[in-house]
Ligand code: UDP
Ligand code: MG
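Numbering (our numbering), first residue to last: 6 to 325.
As structure tokens, then:
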């Protein structure tokens with residue numbers, strides 16, 4: 006399939022959330038990159054409901070530049086949906102998704118394009134090192150990727166984010182999935198196109214601070230796992246069976262001691278322990294079940310995945 010498609014033009018897709026400070030650098034870098042690379046025909050910027058001046062900054066910066074497009078969400082729908090909205094607009098033969106903070110260096114795009122022209126359809130960036138990210142965060146992320154692979158059986162590479170080149174067939178296939186809360190990197194791997202990695206060192210963000218709070222990261226991890234595996238549910242059942250058997254044994258033991266030694270004072274500590282333990286196990290697994298029900302609920306409602314309030318195009322400078 007990949008061999009019959011054209012491999013000429015390229016779009017850049019950039020999700021943006023409160024990046025006003027980084028935007029001048031971003032646009033400057035993109036323009037420098039486009040010099041001598043006329044195949045970069047589109048730059049699609051998705052403002053994920055920023056409440057700083059990101060959108061107006063883009064319009065100012067790109068007003069005279071070729072091929073810039075902006076869509077603005079009504080509110081913050083999240084990084085993954087911003088990427089999805091950007092991909093919907095791509096008309097080029099491929100797209101590279103990159104962060105607004107220049108943590109995904111443009112010089113890597115050259116190598117991605119080269120791989121794509123060799124015939125690969127999904128060329129992802131592998132983070133060889135990460136500057137300025139705490140050990141805890143880095144370790145947690147790495148552990149998650151390893152865990153995700155093992156757990157879901159999806160052939161998703163480790164230490165790979167959303168910085169990647171997607172060919173037209175991949176974009177089309179991805180857009181057909183239509184999940185309410187897409188886990189982009191997992192879904193792209195799941196599609197199964199010919200994929201290859203390109204290593205790079207991840208620099209610090211150019212301006213501002215990370216827009217991914219720990220809460221957002223945790224939510225992304227949960228989305229990733231629940232969208233690719235029912236295993237937590239099966240574990241819940243197993244743990245339920247195990248603790249039931251255990252409690253039955255405990256019951257038999259308690260009754261026998263009571264009968265054999267009627268003078269024993271029943272232990273308060275063990276009772277408390279059992280109460281806490283089973284309470285904890287039940288809450289945990291109710292939580293897991295809840296996470297899945299939440300996903301089902303979201304899908305069933307079938308609401309639009311995001312709401313666009315504003316579109317803008319650098320060539321026409323029209324507003325809609
Ligand atoms: N982003 C977004 N919506 C969000 C959070 C982040 O579109 O709700 C964008 C952000 O502007 C950036 C990219 O997603 O372009 C990655 O975010 P960030 O750099 O804050 O994450 P980190 O690099 O710290 O993981
Ligand atoms: Mg970043």
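Ideal placement from N, C-alpha and C gives every residue a C-beta, glycine not left out.
Please read these numbers as outputs of a predicted model, since none were measured by experiment.
Proximity test, Cβ basis, 8 Å: residue i and chain B
i, result
"residue 170", "Absence of chain B from the displayed structure is noted, only one protein chain being present."
Residue j beta carbon less than 8 Å from that of residue i
i, j, result
"residue 107", "residue 17", "no"
"residue 13", "residue 98", "yes"
"residue 24", "residue 133", "no"
"residue 262", "residue 286", "no"
"residue 70", "residue 36", "yes"
"residue 316", "residue 151", "no"
"residue 102", "residue 88", "yes"
"residue 279", "residue 295", "no"
"residue 92", "residue 188", "no"
"residue 172", "residue 46", "no"
"residue 136", "residue 208", "yes"
"residue 84", "residue 56", "no"
Coil, strand or helix - residue i by DSSP
i, result
"residue 296", "helix"
"residue 320", "coil"
"residue 75", "strand"
"residue 53", "coil"
"residue 263", "helix"
"residue 247", "helix"
"residue 221", "helix"
"residue 20", "strand"
"residue 159", "coil"
"residue 303", "helix"
"residue 96", "coil"
"residue 11", "coil"
"residue 310", "coil"
"residue 280", "helix"
"residue 45", "strand"
"residue 353", "What the structure shows of the chain is the stretch from 6 to 325, and residue 353 is not part of that stretch, so it cannot be assessed."
"residue 315", "strand"
"residue 116", "helix"
"residue 185", "coil"
"residue 85", "helix"
"residue 104", "coil"
"residue 325", "The predicted position of residue 325 is uncertain, since its pLDDT is 45 and thus under 50; a value taken from the coordinates is nonetheless stated next. Coil, per DSSP."
Contacts around residue i, its chain only, beta-carbon distance under 8 Å, and the 5 residues preceding and following it disregarded
i, result
"residue 184", "192, 232, 304"
"residue 312", "78, 79, 80, 82"
"residue 202", "128, 129, 130, 131, 162, 165"
"residue 308", "185"
"residue 147", "163, 164"
"residue 28", "21, 59, 62, 63, 66, 105"
Same chain, Cβ closer than 7 Å to residue i, neighbours up to 5 away in sequence not counted
i, result
"residue 161", "153, 154, 190, 191, 194"
"residue 216", "22, 23"
"residue 289", "none"
"residue 293", "237, 238, 241"
"residue 159", "191, 194, 195, 233"
"residue 167", "88, 102, 189, 190"
"residue 282", "none"
"residue 109", "103, 130, 168"
Same chain only: Cβ atoms within 6 Å of residue i, ignoring 5 sequence neighbours per side
i, result
"residue 198", "126, 127, 175"
"residue 320", "none"
"residue 73", "48, 67, 319"
"residue 38", "111"
"residue 300", "231"
heavy atom of the ligand UDP below 7 Å from residue i C-beta
i, result
"residue 81", "yes"
"residue 164", "no"
"residue 20", "yes"
"residue 24", "yes"
"residue 84", "yes"
"residue 87", "yes"
"residue 53", "yes"
"residue 217", "yes"
"residue 221", "yes"
Report all residues for which the CB-ligand distance to some heavy atom of the ligand MG is below 7 Å; order them along the chain. Going along the chain, the residues that qualify are 104, 106, 108, 210, 215.
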